[in-house]
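Report on the following structure.
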Amino acid sequence: EGVDITGERGVEAICFADTRGSQVEIVQNIGRALRLNKDGSTKVARIIVPVFLEPGEDPTDMVASASFRPLVAVLQGLRSHDERLVEQLASRALTSGQRTVHV
């Protein structure tokens, strides 16, 4: 079921904590974060995709994974409208904020 989150700021970020098989579902989730603020002010919507890698794994291999294929297809569609968007997502994901988690 869809949820309409109201409030001063609405949804500022979405997190794909599990893989999604439906491009429609992915677009709907991203759309919730992209909705404009009620007062018309600008905002930054964040798409969070936690990727857990084994030591020595290459982060770019995630893009080739069948599990992430629907998400990658949607991001490529967004890129066709604004090439900077996906480039910024990729560069930030691969160069900053990396954390090592030991379980």
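When we follow this note's numbering, the leftmost residue of the sequence shown carries the number 34, and every step to the right adds one.
For glycine and all other residues, C-beta sits at the position ideal for the given N, C-alpha and C.
Predicted, not measured: the structure shown is a model, and the values here were computed from it.
Q.
Need the endpoints of the beta strand (DSSP E) that A46 sits in, please.
A. Indexing the sequence shown from 1 puts residue 46 at position 13. First-last of the beta strand (DSSP E) with A46: 46 to 48.
Q) Cα separation between G54 and R117? A) Your numbering for residue 54 matches position 21 in the sequence shown. Your numbering for residue 117 matches position 84 in the sequence shown. Computed Cα separation, rounded: 25 Å.
Q) What's the call for I81, buried or exposed, on a 16-neighbour Cβ count within 10 Å? A) Here residue 81 corresponds to residue number 48 of the sequence shown, with the count starting at 1. I81 is exposed by the Cβ-count criterion.
Q. Between the beta-carbon of N62 and the beta-carbon of G43, is there less than 8 Å?
A. Looking up residue 62 in the sequence shown gives position 29. Looking up residue 43 in the sequence shown gives position 10. No, they are not a contact pair.
Q | Paired residues, beta bridge with R79 - DSSP | A | Reading the sequence shown from its first residue, position 46 is the one you call residue 79. A46, per the DSSP bridge assignment.
Q.
Do V107 and V60 have their beta-carbon atoms positioned less than 8 Å apart in this structure?
A. Mapped onto the sequence shown, residue 60 falls at position 27. Mapped onto the sequence shown, residue 107 falls at position 74. It is a contact, given that the beta carbons lie within the stated cut-off.
Q: Give the single residue among D72, G89, C48, E58 whose Cα lies nearest to the Cα of P103.
A: Working through the sequence shown from its first residue, we reach residue 103 at position 70. Comparing Cα-Cα distances from P103 to each of D72, G89, C48, E58, the minimum goes to E58.
Q) Anyone know if the C-beta pair for E45 and R68 falls short of 8 Å? A) Position 12 of the sequence shown, counting from 1, holds the residue named residue 45. Position 35 of the sequence shown, counting from 1, holds the residue named residue 68. No, these two residues do not count as a Cβ contact at 8 Å.
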